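For reference, the structure discussed in these notes is given below.
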């Protein structure tokens, strides 16, 4: 269903190469893309265990960004452009993509990150902190022990040959170990009383417009100021 290798094969420095067979259906492609990302992350763990680590934060960010955009492409369309924005101007701590096993572990990392940026950025907006905390609360509620990928920044989507972005997402969660089950959550936050209603409506509008036809979603509130959409493969009739 996909090919996976490294190039050049005998050097200490190399690039991972992976591709999905083009003839697969869109529903099979997202399942395969999840497997590819799972293997890349596992391979990266094995490298670290053998004392081979990415030395620079920019390289670590580039890997995380590519994996996330890879999954977004098979969720919303590979022809679109995806921009991952850091929620704060400082890039010294890297792109806030959290990858690890277990929702408890990841939620603790996210909580530490939020506490840190609040300490270091006294003028940070309450709306931004709210967006981060809505995603944190969703991760906390998962009770999941498998591999989790969470992005806390804004994800902007642009159609081909368009100058403006057509869609922006507040938070994203992916589960590379899953396939036909719920494999992702999209988060929307609204920092005002009963904002969850508007958050659900906005998610519905965006997903109806941009989610691939082979995928479906279900909406739920996160408190009274946020909402999430669980993504899964549409059942074949």
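Residue numbers (this note's numbering): 3 to 239.
Idealized CB from N, CA, C, for every residue including glycine.
The structure presented is a predicted model; accordingly, all values stated were derived computationally and were not measured.
- The beta carbons of residue 138 and residue 159 sit about 23 Å from each other, so the pair does not count as a contact at 8 Å.
- Exclusion of the five residues before and after residue 193 leaves 128, 129, 132 and 227 as the residues of its chain whose Cβ lies within less than 7 Å of its Cβ.
- Here DSSP, grouped into helix, strand and coil, assigns residue 157 to strand.
- Taking C-beta separations shorter than 6 Å and ignoring five residues to either side along the sequence, the partners of residue 134 in its chain run 116 and 154, following chain order.
- Here DSSP, grouped into helix, strand and coil, assigns residue 170 to strand.
- With fewer than 16 other Cβ atoms from the protein chains shown falling within 10 Å of its own Cβ, residue 162 counts as exposed.
- In the assembly as shown, residue 44 is an exposed residue. Its beta-carbon has fewer than 16 other beta-carbons within 10 Å.
- For residue 110, the enclosing alpha helix (DSSP H) begins and ends at 105 to 122.
- For residue 33, the uninterrupted alpha helix (DSSP H) segment begins and ends at 28 to 51.
- The C-alpha of residue 212 lies about 25 Å from the C-alpha of residue 144.
- Contact between residue 28 and residue 209 is absent: CB atoms are separated by about 15 Å, not below the 8 Å threshold.
- Between the C-alpha atoms of residue 26 and residue 76 there is a straight-line separation of about 12 Å.
- Here the segment 221 to 237 lies against the segment 174 to 194, with 3 or more beta-carbon pairs under 8 Å apart.
- Taken through DSSP and simplified to helix, strand or coil, residue 228 comes out as strand.
- Residue pairing by DSSP leaves residue 201 without any beta bridge partner.
- Rounded to whole angstroms, the gap between the alpha carbons of residue 126 and residue 113 is 16 Å.
- In the DSSP assignment, residue 138 is bridged to no other residue.
- Boundaries for residue 126: no beta strand (DSSP E) harbours it, and the DSSP string shows neither H nor E there.
- Taking residue 102 as the centre and dropping the five residues before and after it, the same chain places the C-beta of 108, 111, 149 and 150 closer than 8 Å to its C-beta, in chain order.
- The beta carbons of residue 231 and residue 219 sit about 4 Å from each other, so the pair counts as a contact at 8 Å.
- Between residue 224 and residue 97, the alpha-carbon positions lie close to 24 Å from each other.
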